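A.B. asks: Okay, here's the structure, questions in a sec.
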Amino acid sequence: MSGGGAGMSGGEGMAIVPGMTELTRPYWDAAAEGRLVIRECRGCGRLQHPPVPACPACHGADFGWREASGEGAVYSYTIIRHATHAALADAIPYVVALVELAEGPRLVTGITGCPPESVTVGMPVRAAFRRVTDEVTLPYFEPA
Amino acid sequence: MTPRAVAIAGIGQTAYARALPRTAWELAIEAVLSACADAGLDVAEVDGMCRFTEPFETVSEAMLVRALGIGELSFFAQAPHGGEALGAVLAQAAAAIEAGLARIVVVYRALSQSQGGRFGRADGRGPGVATRASGGAADIIVPETGNLSFAWPYGLMSPGQLFALWATRYEAAHGLTRDQLTTALGSIAIAQRAYANRNPNAMMRDRPMDWEAYQNARMISEPLRLFDLCLENDGACAYVVTSAETARALRDDPVYVLSATQTLSPYREPMGIYVQGDLLELFPPAAAERLFSGAGVTRKDVDVAEFYDATSYMPLRSLESYGFVPDGKAWRYVAEQGTGPGSPLPVNTHGGHLSEAYLHGMNGVLEAVRQLRGTSFNQVPGAEVALVGAPAGSATILAR
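Following this line, the structure appears as structure tokens:
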């Protein structure tokens, strides 16, 4: 799997998947459909990731999910060369990044579709989706 | 908090090693008894305890009261966030003493990573244990707590990996080359190793490290190498907090608490990667101002600093966050002036978590006390004021 991106179904056949709550499930459900969404306050328009139950700006509790463009830039990254979990033994090296979306919020994600050594801070990226189990798809990013 | 109203009257510790043949409970008992003996107190006089919450501290005050035969605690408190709260447990102890809630408060930290799991591993404990079988394979379902469910599935699971993101951002924000960043991180790691080589209690006492050894260490999470990351070990530390008056009655050289702080703001809990402003600002600058104004001292008055260092990036950035070096200048400062003996501000004179042992900041407090008593193995001549600080802003200023 050139270009890193752990995929998180590496050694020992284990997949590492998000547990979901009422608050976070819509994010993962959208990802399963190949869409990147960010929780948005309908009162003041603030975008918040990861979601919290109240709007930190206006304290409103009426939320929707904004469809993000999927465009962004690498804010920071690390090439991980030492597996800290048995499930990742076959995944190294892989790139974990903070990506700043065009809409503002930053996500923890992985960079795929390029050699790990070619990733730089500021590099433009776009969303790519990786199915890790029958139920779970994770938003990744690749060079734009 | 009133400066010099409260003092540290005793310190105690166990041996530090990769594996000790004793439980964290046994280690805690030894450290607490040692701290009380150092203070000249019978442990039965202890009436208060402060510690970090679980999962950081696994030895409860109830376990210690039971094992040590302490009649009654009238005050006990815990602070979350482990070593990032190193100033919080002292602030709570000091506040309790000033408020008359307790007379003798013991602060402790005991750790058995050989029995309880290494912090550098994400499997075998906590959310890392497989929770569901699917198609013959076991899956890890990461519960949503502290945003972990948004990070672990991408393989971002350990503090060292997280702080690699901070170090890379620092490099980019200040226009450093990778070599310049490596020189800065290595300057800190090598200076601390040299301190540890003169500290007989340090795990790395017999392991010198030069530039070649540092640079040849394997990459763990770029740009952090093996020697940019803290040790994994067993051990325990404790110290005794009491009123200045009681401390003076117990010993000639109490170490006074000038100030102690805790701080929390959105996503700036330790490793709060989702902060919406500048990632590099790990705590509000107002917290550092509160620390110094409360203590009634300036940066120039500080003779020695012990910075929490789970990674070598943390002391680098703490020099800036606490205002000793302007933002974006510490990388050059540590390479040119250094943090070793005779430098403007010696840092982590015990060897720190990188080279003495990892005790969640508590061994840094003990080293600051030794410096102010004049008994450190790497004594800063005439040290009168010491700062112990965590990267996320919880800190203390102590003085003799």
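Residue numbers (our numbering), protein chains in the order written: chain L, 1 to 144; chain X, 1001 to 1400. We put the CB at the ideal spot given by N, CA and C, even for glycine. The structure displayed is predicted, hence computed values, not measured ones.
1. Taking the continuous beta strand (DSSP E) assigned at X/GLY1048, which residues delimit it?
2. Listed from N- to C-terminal order along the chain, which residues in the segment 1145-1162 of chain X have their beta-carbon within a distance smaller than 7 Å of any beta-carbon of chain L?
3. Hey, would you say L/ASP62 sits closer than 7 Å to L/ARG42, going by beta carbons?
4. So, for X/THR1131: in the same chain, excluding its five sequence neighbours on each side, which residues have a beta-carbon less than 6 Å away from its beta-carbon?
5. Is the shortest distance between the beta-carbon of X/ARG1373 and the beta-carbons of chain L less than 7 Å?
6. Mapping the DSSP letters down to three states, classify X/CYS1036 as helix, strand or coil.
7. Would you decide whether X/THR1311 is buried or exposed? Buried here means 16 or more other CB atoms lie within 10 Å of its CB.
8. Within the 7 Å Cβ cut-off, does L/VAL108 reach chain X?
9. Roughly how many whole angstroms lie between the Cα atoms of X/ARG1370 and L/MET123?
10. Any beta-carbon of chain L closer than 7 Å to the one on X/VAL1257?
11. When you check each C-beta in the segment 82-96 of chain L against every C-beta of chain X, which residues fall closer than 7 Å?
12. Please classify X/PRO1153 as buried or exposed, where buried requires at least 16 other C-beta atoms within 10 Å of its C-beta.
13. Would you call the CB atoms of L/ILE111 and L/VAL121 closer than 7 Å?
14. I'd like the list of long-range same chain contacts for X/GLY1146, defined as Cβ closer than 8 Å, with 5 residues on each side in sequence excluded.
15. I'd like to check one pair, X/ASN1216 with X/PRO1208: are the Cβ atoms closer than 7 Å?
16. So, helix, strand or coil for L/THR24, using DSSP?
17. Hey, how far is the Cα of X/LEU1282 from the Cα of X/PRO1391?
18. Should X/ILE1397 and X/PRO1315 be called a contact, given that it needs their Cβ atoms to be closer than 7 Å?
19. According to the Cβ coordinates, are X/ILE1008 and X/LEU1366 closer than 7 Å?
20. Kindly give me the distance between the Cβ atoms of X/ARG1051 and X/GLU1057, rounded to whole angstroms, as I take these residues to be in contact under 8 Å.
21. By the three-class DSSP mapping on this structure, what secondary structure does X/PHE1307 have?
22. Secondary structure at X/TYR1267, three-state DSSP: helix, strand or coil?
23. Along chain L, in chain order, which residues have C-beta atoms closer than 7 Å to that of X/GLY1128?
24. Which complete beta strand (DSSP E) runs does the segment 13-94 of chain L hold, if anything under 3 residues is left out?
25. If contact is defined by three or more beta carbon pairs under 8 Å, each pair taking one atom from either stretch, is the segment 99-106 of chain L in contact with the segment 70-77 of chain L?
26. To the nearest angstrom, how far is the alpha carbon of L/GLY64 from that of L/GLU40?
27. I'd like the ranges of any beta strand (DSSP E) spanning at least 3 consecutive residues and lying wholly in the segment 1190-1244 of chain X.
28. I want to verify the contact list: residues of chain X whose CB lies under 7 Å from the CB of L/PRO50, in sequence order.
29. Would you kindly check if the distance between the Cβ of X/GLU1171 and the Cβ of L/ILE79 is under 7 Å?
30. Is X/THR1023 near the ligand ADP, in the sense that its beta carbon is under 6 Å from a heavy atom of that ligand?
31. With H, G and I counted as helix, E and B as strand and the rest as coil, what does DSSP make of X/SER1074?
32. Please classify L/HIS59: is it buried, with 16 or more other beta-carbons within 10 angstroms of its beta-carbon, or exposed?
33. Going by alpha carbons, who is nearest to X/ALA1386 out of X/SER1355, X/GLU1144, X/SER1394, X/PRO1346?
34. Is X/GLN1092 helix, strand or coil when you go by DSSP?
35. Does the distance from the C-beta atom of X/ALA1088 to that of X/SER1376 stay below 7 Å?
36. Is the segment 1255-1262 of chain X close to the segment 1281-1296 of chain X, with three or more CB pairs under 8 Å?
C.D. replies: According to the data block:
1. For X/GLY1048, the enclosing beta strand (DSSP E) covers residues 1048-1052.
2. Of all residues in the segment 1145-1162 of chain X, ASN1147, SER1149, PHE1150, ALA1151, TRP1152, PRO1153, TYR1154, GLY1155, LEU1156, MET1157, SER1158, GLN1161 have a Cβ within less than 7 Å of some Cβ in chain L.
3. Inclusion of L/ASP62 and L/ARG42 in the CB contact set at 7 Å is warranted, their separation being smaller than that value.
4. Here the set comprises ILE1141.
5. For X/ARG1373, no Cβ of chain L is located within less than 7 Å of the residue's own Cβ.
6. X/CYS1036 sits in a helix when the DSSP states are folded into three classes.
7. Residue environment analysis places X/THR1311 among the buried positions, since at least 16 neighbouring C-beta atoms fall within 10 angstroms of its C-beta.
8. L/VAL108 has a beta carbon lying within less than 7 Å of a beta carbon in chain X.
9. Annotation: X/ARG1370 to L/MET123 spans about 48 Å, alpha carbon to alpha carbon.
10. By this cut-off, X/VAL1257 is not an interface position.
11. Listed in sequence order: HIS82, THR84, HIS85, ALA86, ALA87, LEU88, ALA91, TYR94, VAL96.
12. Per the 10 Å Cβ criterion, buried.
13. No, these two residues do not count as a Cβ contact at 7 Å.
14. Same-chain partners within the cutoff: GLU1269.
15. Not closer than 7 Å, so no.
16. Coil, per DSSP.
17. Roughly 7 Å separates the two Cα atoms.
18. Contact: no.
19. For the 7 Å CB-CB criterion, X/ILE1008 and X/LEU1366 do not form a contact.
20. That pair is a contact at about 5 Å.
21. The three-state reading of DSSP puts X/PHE1307 in strand, counting E and B together.
22. Coil.
23. Within chain L, the residues placing a beta-carbon under 7 Å from that of X/GLY1128 are HIS85, ordered along the chain.
24. Look at the segment 13-94 of chain L and you find these whole runs of beta strand (DSSP E), each 3 residues long or longer: 16-18, 37-41, 63-67, 71-80.
25. Yes, the segment 70-77 of chain L is in contact with the segment 99-106 of chain L.
26. Roughly 5 Å separates the two Cα atoms.
27. Complete beta strand (DSSP E) runs here, min 3: 1219-1221, 1234-1243.
28. Ordered by position in chain X, the residues that pass the 7 Å Cβ test against L/PRO50 are ASN1147, PHE1150, TYR1274.
29. Contact: no.
30. Of the ligands one can find in the structure shown there are none, so the ligand ADP has no counterpart to examine.
31. X/SER1074: coil per DSSP, three-state reduction.
32. Under this definition L/HIS59 is an exposed residue.
33. Relative to the Cα of X/ALA1386, the nearest Cα in the group X/SER1355, X/GLU1144, X/SER1394, X/PRO1346 belongs to X/PRO1346.
34. The three-state reading of DSSP puts X/GLN1092 in helix, counting H, G and I together.
35. Not in contact: X/ALA1088 and X/SER1376 (Cβ atoms no closer than 7 Å).
36. Contact holds: three or more Cβ-Cβ distances are below 8 Å.
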